[in-house]
Amino acid sequence: MSDTKAAGMTRRELFEQRQKRRSIVIAGTSTLLVLLAVVILVPLTPGWEKVQKSFFNGAVLTKTFPKLIDAFQLNVLIFIWSAPLIAILGLLVALARDAKSPAMFPLRILGAAFTDVFRGVPVILTVYLIGFGIPGLGLPRPWNSPYIWGSVALILTYSAYVAEIFRAGIDSVHPSQRSAALSLGLSERQIMWDVILPQAVRNVVPSQMNMLIALQKDVSLLSFIGPVEIFRQAGVFKSLLANFTPYVGAAIIFLIITVPATRYADYLLARQSKERS
3 MSDTKAAGMT RRELFEQRQK RRSIVIAGTS TLLVLLAVVI LVPLTPGWEK VQKSFFNGAV
63 LTKTFPKLID AFQLNVLIFI WSAPLIAILG LLVALARDAK SPAMFPLRIL GAAFTDVFRG
123 VPVILTVYLI GFGIPGLGLP RPWNSPYIWG SVALILTYSA YVAEIFRAGI DSVHPSQRSA
183 ALSLGLSERQ IMWDVILPQA VRNVVPSQMN MLIALQKDVS LLSFIGPVEI FRQAGVFKSL
243 LANFTPYVGA AIIFLIITVP ATRYADYLLA RQSKERS
């Protein structure tokens, strides 16, 4: 008991520490065994040599990887100009749906219709309809660009999801906050912008991070209407070289970007849960 006190830890804390170490050892061992099984057993399958040549060709990966990175820059650019617009439009739609004044009822209906439509239609279908439909009106350059209208399709679709996340964040703020603000004489606008929204935005940061990760991946859907981004570039190399390794290269680039972002989102969610407990 004296040793425990000297270490500054209770018996329960020592027990929890031992259990944590034991869990880490078990998890590490099981992971290592699974990796060894994959490394040993997969090459023993009858078609492994063909799969390795078609999907994991080192020479093809070395040749195409730099060009894939160049093409990925277009993905990043589309993401950069789409993400802020999605956040702004999503927030406006959420505010419209949360409007309390009876005079704002048409806005609430419009916001609900917006989210229902763009959450109900698959992203790829929205990209096709807008990406091919709007340029089909015969607009002059550059307004007939698939880059523009493909981005618009993503912005509209993701704004619908982001709006619902913002709305959930607004609803997560306890009603007592609004009541306290009203008792201080604040207007509805001041309550929303100065009291509710700061808390709501903080509450939904992890969820919005996951939406950003999904957006980064879905930018590749624009390749179906023309832009030569990483997915389309990988398809070009696949056709030229009769090999699927460029697709693996594209997957590696996406993983380099999305895995750290995913881990960061998980960290934010865990920290948020710890703060609430």
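Residues 3 to 279 in this note's numbering are what the sequence shown lists, from first letter to last.
C-beta: ideal position from N, C-alpha, C; glycine also.
Check, Outcome
"Measure the C-alpha to C-alpha separation of L139 and T128 and round it to an integer number of angstroms.", "17 Å"
"Taking 8 Å as the threshold (C-beta atoms), are Y163 and R110 in contact?", "no"
"Out of curiosity, what's the CA-to-CA distance linking G152 and I193?", "37 Å"
"Which first and last residues belong to the alpha helix (DSSP H) in which D72 is found?", "G60 to R99"
"Which two residues bound the contiguous alpha helix (DSSP H) that contains N212?", "V207 to D220"
"Considering just the uninterrupted stretch of the alpha helix (DSSP H) at F246, what are its terminal residues?", "Counting along the chain, F246 falls outside any alpha helix (DSSP H), and DSSP gives it neither H nor E."
"Under three-state DSSP, which class holds P229?", "coil"
"For L93, which residues from the same chain have a beta carbon less than 7 Å from its beta carbon, with the 5 sequence-adjacent residues on both sides left out?", "F168"
"Below 8 Å between beta carbons: does that hold for I255 and F81?", "no"
"Quick check on E15: buried or exposed, where buried means 16 or more other Cβ atoms within 10 Å of its Cβ?", "exposed"
"Between the alpha carbons of T6 and R13, how many angstroms are there, rounded?", "Here the model assigns T6 a pLDDT of 45, short of 50, so the residue's position is not dependable and the matter cannot be decided."
"Since P148 is in the alpha helix (DSSP H), which residue starts that stretch and which ends it?", "P148 to S174"
"Assuming A29 is part of the alpha helix (DSSP H), what are its boundary residues?", "R13 to L43"
"Using CA atoms only, rank isn't needed, just tell me which of A89, N59 and Q179 is closest to V207.", "A89"
"Going by DSSP, what residue range makes up the alpha helix (DSSP H) through S185?", "P177 to S185"
"Confirm, please, whether the CB-CB distance from A267 to N1 is below 8 Å.", "The shown model of the chain, from 3 to 279, leaves out residue 1, and the question about it has no answer."
"Give every residue of the same chain whose Cβ lies closer than 7 Å to the Cβ of E190, excluding the five residues on either side of it in the sequence, and list them in chain order.", "K102"
"Since T117 is in the alpha helix (DSSP H), which residue starts that stretch and which ends it?", "F107 to G122"
"Please report how far the alpha carbon of L214 lies from the alpha carbon of V78, in whole angstroms.", "12 Å"
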